[in-house]
Amino acid sequence: MHAHLTVLEGPIDKGAPNVFKISLVTPAGDEKETRWLPENTPMDEIMDRVEQILGGLNVPFKGIRVYRGQDLLVDENFEMR
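Residues 3 to 83, numbered by our numbering, are exactly what the sequence shown covers, in order.
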(Lines of atoms letter the chains of each structure in order from A and count residues from 1; the text may use other names and numbers.)
(Lines give C-alpha, C1' and ligand atoms only; values in the text may rest on other atoms or scores of the structure.)
Protein backbone atom coordinates (compact mmCIF):
# COMPACT_ATOMS: atom_id res chain seq x y z
CA MET A 1 0.00 0.00 0.00
CA HIS A 2 1.27 3.48 -0.91
CA ALA A 3 0.06 6.92 0.12
CA HIS A 4 0.83 10.31 -1.37
CA LEU A 5 0.19 13.73 0.15
CA THR A 6 -0.18 16.99 -1.79
CA VAL A 7 -0.14 20.28 0.12
CA LEU A 8 -1.81 23.45 -1.16
CA GLU A 9 -0.49 26.52 0.64
CA GLY A 10 -3.42 28.92 0.67
CA PRO A 11 -6.33 29.13 -1.76
CA ILE A 12 -4.71 28.09 -5.02
CA ASP A 13 -6.13 27.48 -8.47
CA LYS A 14 -3.91 24.65 -9.74
CA GLY A 15 -4.76 25.67 -13.31
CA ALA A 16 -3.57 29.28 -12.89
CA PRO A 17 -0.65 30.12 -15.20
CA ASN A 18 1.82 31.33 -12.55
CA VAL A 19 1.36 29.08 -9.51
CA PHE A 20 4.34 27.00 -8.40
CA LYS A 21 4.29 23.20 -8.22
CA ILE A 22 6.93 21.03 -6.58
CA SER A 23 6.97 17.41 -7.72
CA LEU A 24 9.04 14.41 -6.73
CA VAL A 25 10.23 12.01 -9.42
CA THR A 26 9.92 8.33 -8.56
CA PRO A 27 12.46 5.68 -9.61
CA ALA A 28 9.99 4.70 -12.36
CA GLY A 29 10.05 8.28 -13.69
CA ASP A 30 6.55 9.23 -12.52
CA GLU A 31 5.97 12.69 -11.04
CA LYS A 32 4.16 13.00 -7.73
CA GLU A 33 2.81 16.48 -7.00
CA THR A 34 3.95 17.34 -3.50
CA ARG A 35 3.31 21.02 -2.90
CA TRP A 36 1.56 23.94 -4.60
CA LEU A 37 2.55 27.53 -3.77
CA PRO A 38 0.98 30.90 -4.66
CA GLU A 39 2.33 32.78 -7.66
CA ASN A 40 3.80 35.55 -5.46
CA THR A 41 6.03 33.15 -3.50
CA PRO A 42 9.70 34.31 -3.57
CA MET A 43 12.16 31.85 -5.13
CA ASP A 44 14.23 31.58 -1.94
CA GLU A 45 11.10 30.46 -0.06
CA ILE A 46 10.38 27.89 -2.77
CA MET A 47 13.91 26.50 -2.46
CA ASP A 48 13.45 26.35 1.34
CA ARG A 49 10.37 24.19 0.73
CA VAL A 50 12.40 21.96 -1.60
CA GLU A 51 15.02 21.47 1.14
CA GLN A 52 12.30 20.69 3.70
CA ILE A 53 10.77 18.09 1.40
CA LEU A 54 14.14 16.46 0.72
CA GLY A 55 15.07 16.45 4.41
CA GLY A 56 11.82 14.82 5.45
CA LEU A 57 11.64 11.90 3.03
CA ASN A 58 12.70 8.38 3.76
CA VAL A 59 11.58 6.73 0.53
CA PRO A 60 13.65 6.40 -2.63
CA PHE A 61 13.16 8.91 -5.41
CA LYS A 62 15.38 10.07 -8.24
CA GLY A 63 14.66 13.77 -8.56
CA ILE A 64 12.68 16.86 -7.79
CA ARG A 65 11.13 19.40 -10.17
CA VAL A 66 9.74 22.88 -9.65
CA TYR A 67 7.30 24.39 -12.15
CA ARG A 68 5.78 27.83 -12.52
CA GLY A 69 2.65 27.10 -14.47
CA GLN A 70 3.88 24.90 -17.33
CA ASP A 71 7.46 26.22 -17.22
CA LEU A 72 10.09 23.96 -15.65
CA LEU A 73 12.32 26.05 -13.35
CA VAL A 74 14.26 23.36 -11.47
CA ASP A 75 14.99 19.80 -12.58
CA GLU A 76 17.41 18.14 -10.18
CA ASN A 77 18.23 14.46 -10.53
CA PHE A 78 20.04 12.47 -7.84
CA GLU A 79 20.31 9.06 -6.24
CA MET A 80 19.08 8.23 -2.74
CA ARG A 81 19.68 4.99 -0.90
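Note that CB positions come from ideal geometry on N, CA and C, so glycine has one too.
Supposed contact pair residue j and residue i - C-beta distance, whole angstroms, cut 8 Å
i: W38; j: F22; result: 7 Å
i: V52; j: I24; result: 6 Å
Own chain partners of residue i with C-beta closer than 7 Å, once the 5 adjacent residues on each side are dropped
i: G57; result: none
i: L74; result: R67
Closest residue to residue i among the options (Cα-Cα distance)
i: P40; options: F80, N60 and K16; result: K16
i: E47; options: V68, A30 and E33; result: V68
i: N20; options: E33, P44 and G31; result: P44
i: L59; options: D77, T36, A30 and N42; result: T36
i: P29; options: M49, A18, V61 and I55; result: V61
Cut-off 8 Å between Cβ atoms - residues of its own chain near residue i, not counting five sequence neighbours on either side
i: G65; result: L26, V27, D77, E78, N79 and F80
Same chain, Cβ closer than 6 Å to residue i, five either side skipped, listed in chain order
i: D32; result: none
i: A18; result: none
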